[in-house]
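*Asks:*
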Amino acid sequence: MHFAHLVRFSASLLARDFRAGELRVLAAALLVAVAAATSVAFFADRLKQTFSREAHQLLGGDLLLISEKPWPREVPGELARRGLRSATSVSFISMVRAGEAGQLARVKAVEAGYPLRGTLRIASALNRADAPTKETPNPGVVWLDERLMSALGTTVGERVQLGELTLAIGAVLTLEPERGAGFMNLAPRLLINAADLPATGLIQTGSRVSYRLYAAGDPAAVSGFERWIQPRLARGQSVETLENARPEVRVLLERAEQFLGLIAALAMVLAGIAIAFATRRFVERHLDGCAVMRCLGAAQRTLVLAYVLEFVLLGAVVFAGGCLVGWIAHQALVHWLGQLAAVALPAPTLVPALQGFLIGVVLLLGFAVPPLLQIRDVPALRVIRRESRPPRASALLTYATGMIAASVLLVWQAGDVKLGGWVIVSFSGAGLAFFAVSLLLVRAAGGLASRGGVVLRYGLASLSRRGSSSALQIASLALGLTAILLLTVTRADLIAAWRRASPPDAPNRFVFNIQPDQLAGVQEHFREHGIVPPEVYPMVRGRLVAVNGQAISGADYESERTRRLVEREFNLSWTEALPAHNQLVAGTWWGANPGAEFSVEQGIARRLGLALGDTLTYAVAGETLIGRITSVRKLQWDSMRVNFFVIASPELLSRYPASYATSLRVAPEHEAGLNELTRRFPSLTVVDVSAMLRQLQTILDQVIAAVQFVFLFALAAGLIVLYAALGATEDERRREAALLRALGARARQVRAAHRVEFLFMGLLAGALGSAAALAIGSVLAFEVFQLNLEPNYWLALLGPLVGACLVMLNARIGLRSVFSTPPSVALREAG
Amino acid sequence: MIEARGLTKRVRSGESMLTILHDVHLAVQPAEAIGVVGASGSGKTTLLSLLAGLDTPSAGSVRLDGTELFALDEDARAALRGQLIGFVFQSFQLLPALTALENVMLPLELSESPDARPMALEMLERVGLSERTHHYPKYLSGGEQQRVALARAFVTRPKVLFADEPTGSLDAATGAGVIELIFELNAHFGATLVLVTHDEPLAARCTRLVRLAGGRIAG
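Put into structure tokens, the structure is as follows:
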């Protein structure tokens, strides 16, 4: 057959099969899969851009270049050449005076246009409501942050002395970008106009000054510039990006992507199962037709090509529809989230649509084409002798191909090999276990069939007679239910655990530089102002100089982040007990009489290649300190608590001079008390992270809303699996029901027998599904999302109940034709 | 038109081999109508499937319109069937997802005929089903389904029509109507007819009778 004619023939097959309802389940499954993938891809794409932009607000740009010396002119020139916007700031520590009072502060001189991303917020007086501003201080004007205002005891309108220059206080600076980055070294801040800088006379040769150059613009141009600048960076110059500046935002984004990816991947695997079922049924219903066409002169190749092409054409139409549904769905979500985020999302790109299309193709090739190839083996003789069926064993090959396709998809969609791997192992393990248990119980049910009334007997016998086919059906139903339960109950638990990891009442202030002699006074101050005194941690600065006796330097490590980690000083701490928000993942915590021991955070241990038993040598206050790693801890970086990469045993570190640090939640009514703290103890550094925290919460809310939304697709896919799995035996049931009714059975009796069968299937599938959802949820939470999930034992009861209800309801809808078709028609159809 | 020489078909039955058809020689002339009769299990349907190239023999050969059938591979035999042969089966074998018209159009579409629709409509009119063209098989009576099958068989103007128990699923009156139609169409198109049946009076309407017993031609 010529190709053009073949296409026309396939198109007419498609139209006829679609009209006859042969392709509905298949099309629905494909549509849901593509719509899920596309909406997630569209949404993730735009959200990612937004998240990055939001997070970049904290950098003040998309990229931040920091140097100890002014940036050579070629650098801003290169930025301009690439069409990127740029702005500069100069920042240094200096003494600021107001009358008699003086305070060390970080001065930042900015030019108009700063910041490129994010906004400055100012208030007209202390403790007044603030508002965003697009302005920067005019020449001769200074903006002071709340702590500096409090420490100097000054107000807006008064004057401060900065070097040789006197400046008028124009506003209280409540928020500025970069505040989060590197906050460990933060002093109170003030902002002046760059034009005033020379007049202060503070920049002299040898001054410790940070020259910052901000860049923003097209992401591709930013990446291109980053690639250009990296090899040109000299000593004392560095590039800050979201990647290396904000661990807590990175953790949140990664987790968000994992969540979204996981749900979309689940939707796709479920859709895959439904597609396999629907195609199997399609093939079974078309075998006779194919044999007829063989009789009428169709070549094997023509038939296979015609049907594959029919599926490809169906795919093209459904994928386009799926992409459209995905796009509309994500628009609805964007519209709804717009009120929450108040951020204009960047325009969507075409890439997600292509991604959805590609996923549809993989699903079709993986799950639909293998069973379709059975058509190749249909002998023409089947028209005369029905028993000459094609080999059926290819089912295993079908599922193997489908599994491989699903695995590739899962890993790709989840964007994480570990997450994808866990889901694959869990789902295939669960699938096999479901099949084995179902087969065992279905056969046992056959034994019970001899007892009981006719309804029970027929119901159980019919289940047991179908043996492995029933077991396969139950296993698929259980997989669908696993996903549904995992996505409803476990998802809610996971999200709750996630919220617990970054709760809205997380600490919003960090206090550093508390000297030992101030400890009691600071605690007392908290109590006096109604603030519960938080736990404080000693901090000792030290540099890692050797591992296992081998001297190390940044040059020994490939990654830039690791090099930086090694070259800078660590904040070490010591405690007797494991901090409550830390989790031990290896080794043991030191006992009552510890030796020279270290406990390291698992991320840094991995980065530096450290293991239990390794010896670390630190240089602290001119002395050498040697200890052995006896435990590894996991930290929640988004918990907003004081965290340490390395904690030493008291034995090892307590004799060194330390300052103390803490984090605490300050309610609005206690703000004044905290301001007074900095006045009472001027050397303290109090860092306000509430803006950052608010931002984290906003992002978290957005992501959770997105997760809930995408979940609807997965739920739809789960329901289609149930429908498709039950539909697989519809023809057989219709024939049997017709025969029974022809033999005198009342419709009520046949229906009751079906109910017995479906009740058994639903209860069993629900029980299996809830056990798997519990297990998979716990594994995912602990191993992948690093969250502590409380097992929800209600699932054990809920699963069978939901299973029975869904299967019965599905059967009622899906098998309507079993009872609505007159016995004569059903028997005639059966041939 | 058809020449079978030494046709033998053996199949495995458990441990032993069962001979269904034993050294059958048969020649059918163009436009001849032969009735193949015999008891159940006598090998009638096996003979038909071998003569039509639907199955392969254990020994022997079939020459159809000058072409050695089993020298061709299965696809080439299918192409030859498409050109030369029409079929009518006991169980009608209509495609359930296709309407009556589409079922009749199918062989023409497979042979890339540009006039599939008008030709199929004409054939349906000829078998008295012009009012039922858009009905699906499940909404047609047995007799109507068999008439659609007849229209499908004759729409390609075949040189040979193989009919396997064409009235086996029909009541006597309907069956008689269908038989009338088969002979009428066969006469009109001048096709060679090979009719397999256990109905002796029906077979007697053919120009020649071939009786099978135990896989051999008995007379």
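Protein chains in written order, with this note's numbering: chain E, 1 to 831; chain Y, 1001 to 1219. Virtual Cβ for every residue (Gly too), placed ideally from N, Cα, C. This one's a predicted model, so the numbers in the text were calculated from it and none came from an experiment.
1) Which parts of the segment 82-109 of chain E are runs of the beta strand (DSSP E), unbroken and 3 residues or longer, counting only runs that do not cross its ends?
2) Quick check on the burial criterion: 16 or more other C-beta atoms within 10 angstroms. Buried or exposed for A781 (chain E)?
3) Going by DSSP, what residue range makes up the beta strand (DSSP E) through W143 (chain E)?
4) Tell me which residues of the segment 1193-1209 of chain Y have at least one Cβ-Cβ distance to chain E shorter than 7 Å, keeping chain order.
5) How would you list, in chain order, the residues of chain Y whose beta-carbon sits under 9 Å from the beta-carbon of I328 (chain E)?
6) Mapping DSSP to helix, strand and coil, what is Q300 (chain E)?
7) DSSP on E601 (chain E), reduced to helix/strand/coil?
8) What span of residues does the alpha helix (DSSP H) with Q473 (chain E) cover, start to end?
9) Where do the N-terminal and C-terminal ends of the beta strand (DSSP E) with R121 (chain E) fall, by residue?
10) Of all the residues that make up the segment 724-747 of chain E, which are near chain Y by a beta-carbon distance shorter than 9 Å?
11) Whole angstroms is fine: what's the gap from A1078 (chain Y)'s alpha carbon to A1071 (chain Y)'s?
12) What does a CB cutoff of less than 6 Å around C323 (chain E) pick up in its chain, not counting 5 residues either side in sequence?
13) Per the DSSP calculation, M539 (chain E) is bridged to which residue(s)?
14) Once you ignore the five residues that flank H525 (chain E) on each side, which residues in its own chain have a CB closer than 7 Å to its CB?
15) Residues of chain E with a CB under 7 Å from the CB of G1082 (chain Y): which are they?
16) Based on Cα-Cα distance, which residue from Y:G1038, Y:V1104, Y:P1201, Y:G1175 lies nearest to R1211 (chain Y)?
17) By DSSP's criteria, I169 (chain E) is part of a beta bridge. Which residues make up the other side?
18) Do you know how far the Cα of Q523 (chain E) is from the Cα of P533 (chain E)?
19) Pull the bridge partners of W574 (chain E) from the DSSP assignment, please.
20) Roughly how many angstroms separate the alpha carbons of R1012 (chain Y) and L1018 (chain Y), rounded to a whole number?
21) Who does E1292 (chain Y) pair with in a DSSP beta bridge?
22) Kindly indicate the opening and closing residues of the beta strand (DSSP E) around L213 (chain E).
23) Assuming contact is defined by CB atoms lying nearer than 8 Å, are V547 (chain E) and L616 (chain E) in contact in what I supplied?
24) Can you list, in chain order, the stretches of the alpha helix (DSSP H) that have 4 or more residues and sit fully within the segment 1011-1090 of chain Y?
25) From the DSSP output, in three-state form, read off V312 (chain E) for me.
26) Give a yes or no on whether the minimum CB-CB distance between S1013 (chain Y) and chain E is below 8 Å.
27) Would you call the segment 108-126 of chain E and the segment 210-225 of chain E touching, i.e. three or more CB-CB distances under 8 Å?
28) If distances are taken between C-alpha atoms only, which option among E:V646, E:M293, E:A765, E:R285 comes closest to A728 (chain E)?
29) Chain Y partners of E284 (chain E), CB-CB under 9 Å?
30) Measuring only between beta-carbons, confirm whether T1045 (chain Y) sits less than 8 Å from chain E.
31) Nearest chain E C-beta to S1049 (chain Y) closer than 8 Å, yes or no?
32) Just checking: is the beta-carbon of L372 (chain E) within a distance shorter than 8 Å of some beta-carbon in chain Y?
33) Counting contacts by CB-CB distance shorter than 8 Å, is L26 (chain E) in contact with chain Y?
34) Could you say which of E:L381, E:V802, E:E790 lies nearest to D288 (chain E) if we only look at CA atoms?
35) Closer than 9 Å by beta-carbon distance: list the chain Y residues that pair up with Q300 (chain E), in chain order.
36) Going along chain E, which residues have a C-beta under 7 Å from Q1093 (chain Y)?
*Replies:* In brief:
1) Complete beta strand (DSSP E) runs here, min 3: 85-98.
2) That one is buried.
3) Element bounds for W143 (chain E): 141-145.
4) Here the close residues number zero.
5) Against I328 (chain E), chain Y offers no close residue; the least beta-carbon distance is about 31 Å (beta-carbon pairs closer than 9 Å).
6) The answer is helix: DSSP assigns Q300 (chain E) an H, G or I state.
7) It is a strand residue.
8) Note, Q473 (chain E): alpha helix (DSSP H), 467-485.
9) In the DSSP annotation of this structure, the continuous segment of the beta strand (DSSP E) that includes R121 (chain E) starts and ends at 120-123.
10) Going along the segment 724-747 of chain E in chain order, one finds no residue with a Cβ nearer than 9 Å to chain Y.
11) Rounded to whole angstroms, the separation of the alpha carbons of A1071 (chain Y) and A1078 (chain Y) is 13 Å.
12) Around C323 (chain E), the same chain offers T38, A353, G356 as residues with beta carbons nearer than 6 Å, after the five sequence neighbours per side are excluded.
13) E:S659.
14) L677, R680, listed in sequence order.
15) In chain order: L296, G297.
16) Closest by alpha carbon: Y:G1038.
17) DSSP, once it has assigned bridges, lists E:V142 as partnering I169 (chain E).
18) Those two C-alpha atoms are separated by around 6 Å.
19) For W574 (chain E), which the question treats as bridged, DSSP gives the partners E:A648.
20) The alpha-carbon separation between R1012 (chain Y) and L1018 (chain Y) amounts to approximately 6 Å.
21) Chain Y is shown from 1001 up to 1219; residue 1292 (chain Y) falls before or after that span and cannot be answered.
22) Start and end: 209-216.
23) Their beta carbons are under 8 Å apart, which means V547 (chain E) touches L616 (chain E) by this criterion.
24) Complete alpha helix (DSSP H) runs here, min 4: 1044-1051, 1074-1084.
25) The answer is helix: DSSP assigns V312 (chain E) an H, G or I state.
26) False, the Cβ-Cβ gap to chain E never drops below 8 Å.
27) Counting Cβ pairs under 8 Å, three or more are found: they touch.
28) The closest CA to that of A728 (chain E), considering only E:V646, E:M293, E:A765, E:R285, is found on E:R285.
29) Chain Y residues near E284 (chain E): none, gap ~12 Å exceeds 9 Å.
30) Using beta-carbon distances, T1045 (chain Y) counts as an interface residue toward chain E, with a partner under 8 Å.
31) True, the Cβ-Cβ gap to chain E drops below 8 Å.
32) Interface criterion not met: the Cβ of L372 (chain E) is under 8 Å from no Cβ in chain Y.
33) Not one chain Y Cβ lies under 8 Å of L26 (chain E).
34) The shortest C-alpha to C-alpha distance from D288 (chain E) to any of E:L381, E:V802, E:E790 is the one to E:L381.
35) What Q300 (chain E) touches in chain Y: E1074, D1075, A1078.
36) Residues of chain E with a Cβ closer than 7 Å to the Cβ of Q1093 (chain Y) are, in chain order, D288, V292, V383.
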